[in-house]
Amino acid sequence: KNQVEQSPQSLIILEGKNCTLQCNYTVSPFSNLRWYKQDTGRGPVSLTIMTFSENTKSNGRYTATLDADTKQSSLHITASQLSDSASYICVVSLGGGSYIPTFGRGTSLIVHP
Amino acid sequence: DGGITQSPKYLFRKEGQNVTLSCEQNLNHDAMYWYRQDPGQGLRLIYYSQIVNDFQKGDIAEGYSVSREKKESFPLTVTSAQKNPTAFYLCASREDLQETQYFGPGTRLLVL
Numbered sequence: 033k034n035q036v037e038q039s040p041q042s043l044i045i046l047e048g049k050n051c052t053l054q055c056n057y058t059v060s061p062f063s064n065l066r067w068y069k070q071d072t073g074r075g076p077v078s079l080t081i082m083t084f085s086e087n088t089k090s091n092g093r094y095t096a097t098l099d100a101d102t103k104q105s106s107l108h109i110t111a112s113q114l115s116d117s118a119s120y121i122c123v124v125s126l127g128g129g130s131y132i133p134t135f136g137r138g139t140s141l142i143v144h145p
Numbered sequence: 249d250g251g252i253t254q255s256p257k258y259l260f261r262k263e264g265q266n267v268t269l270s271c272e273q274n275l276n277h278d279a280m281y282w283y284r285q286d287p288g289q290g291l292r293l294i295y296y297s298q299i300v301n302d303f304q305k306g307d308i309a310e311g312y313s314v315s316r317e318k319k320e321s322f323p324l325t326v327t328s329a330q331k332n333p334t335a336f337y338l339c340a341s342r343e344d345l346q347e348t349q350y351f352g353p354g355t356r357l358l359v360l
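Okay, structure coming up:
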């Protein structure tokens, strides 16, 4: 069964600190992996996308890594800001022409001043 | 101003009533999706459509219905058969090049 597991479930950090969120997946065949940011009461917004051959992708203070051999990804947030408080969702897409991605449950991040 | 819109933002349903959630996109995307989001859970797929006049059931289609008469529109009806409809509903469209899904702002459905 295709699954995406994220950890931790929730995280509280102080403003200015760094943090790393984890994503493990069993989706096969693998096509790509995305990280989305979802603010409370809003729709998710794509942060990064990585294919099988990519190891790292940055978007400002967000850096995603991918290890396709171990089927693990991480999202590193540098110098956190209050606006980073949100849910971060890992999404993995199947290869082979499937149009249905598999969503993780998300990590809820709270940044305190 | 391109994007995907959903309306209404909040919707109240009385018992036994059918309600319809609107989803419109002007991104010229072929594929559209409806998801349900409950607290502490990931997005669950209700229905998806890869092209006009075609749609497929997702994991939790029971109690829901959709239509896809136009490329821009993919309305979702929550029928009285859906016994636990209270949730946050998200519509998405998908671009073909990188297969990225673009989400609307969501509709929160509450039962009176």
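Each protein sequence line maps, in turn, to chains A and B. Residues 33 to 145 (our numbering) make up the first sequence, in order. Residues 249 to 360 (our numbering) make up the second sequence, in order. Cβ coordinates follow ideal geometry from the N, Cα and C atoms, glycine included. If you're wondering where the values come from, they're calculated on a predicted model, not measured in any experiment.
Beta-carbon gap between residue i and residue j smaller than 8 Å
| i | j | result |
| --- | --- | --- |
| G136(A) | C55(A) | yes |
| I121(A) | P76(A) | yes |
| I299(B) | I308(B) | no |
| T203(B) | G311(B) | A question about residue 203(B) goes unanswered here, because the residues of chain B that appear run from 249 up to 360. |
| N87(A) | L98(A) | yes |
| V59(A) | L126(A) | yes |
| Q285(B) | P353(B) | no |
| K103(A) | Y57(A) | yes |
| Q349(B) | Y281(B) | yes |
Min CB distance residue i to chain B below 8 Å
| i | result |
| --- | --- |
| Y131(A) | yes |
| P76(A) | yes |
| N91(A) | no |
| S106(A) | no |
| F135(A) | yes |
| I44(A) | no |
| G138(A) | yes |
| G127(A) | no |
| N50(A) | no |
| N87(A) | no |
Residues that DSSP places opposite residue i in a beta bridge
| i | result |
| --- | --- |
| S46(A) | One point to set straight first is that residue 46(A) is Leu, not Ser, in the sequence displayed. DSSP output for L46(A) lists H144(A) as bridge partner(s). |
| T355(B) | Y337(B) |
| E272(B) | T253(B), S321(B) |
| N56(A) | E37(A), Q104(A) |
| L126(A) | F62(A) |
| L293(B) | Y283(B) |
| V77(A) | K69(A) |
| Y120(A) | K69(A), T139(A) |
Reduced DSSP category for residue i - H, G, I as helix; E, B as strand; rest coil
| i | result |
| --- | --- |
| L360(B) | coil |
| L114(A) | helix |
| S315(B) | coil |
| S85(A) | coil |
| V267(B) | strand |
| Y258(B) | strand |
| D71(A) | coil |
| T327(B) | coil |
| T348(B) | coil |
Any non-hydrogen atom of the ligand ATP within 7 Å of residue i CB
| i | result |
| --- | --- |
| S78(A) | With respect to the ligand ATP, the structure shown offers nothing to examine, as it has no ligands at all. |
Contact with chain A by residue i, beta-carbon distance below 8 Å
| i | result |
| --- | --- |
| T348(B) | yes |
| L291(B) | yes |
| P287(B) | no |
| R261(B) | no |
| F322(B) | no |
| Y296(B) | yes |
| G311(B) | no |
Q: Indicate whether the contact test is met: 3 or more Cβ pairs, each with one atom in the segment 310–328 of chain B and one in the segment 86–97 of chain A, closer than 8 Å.
A: no
Q: Determine contact between the segment 104–115 of chain A and the segment 253–270 of chain B, defined as no fewer than three beta-carbon pairs at a distance below 8 Å.
A: Counting Cβ pairs under 8 Å, fewer than three are found: no touch.
Q) Counting Cβ pairs closer than 8 Å, one from the segment 332–345 of chain B and one from the segment 269–278 of chain B, do we hit at least three? A) Note that the segment 332–345 of chain B touches the segment 269–278 of chain B; at least 3 beta-carbon pairs, one per stretch, sit closer than 8 Å.
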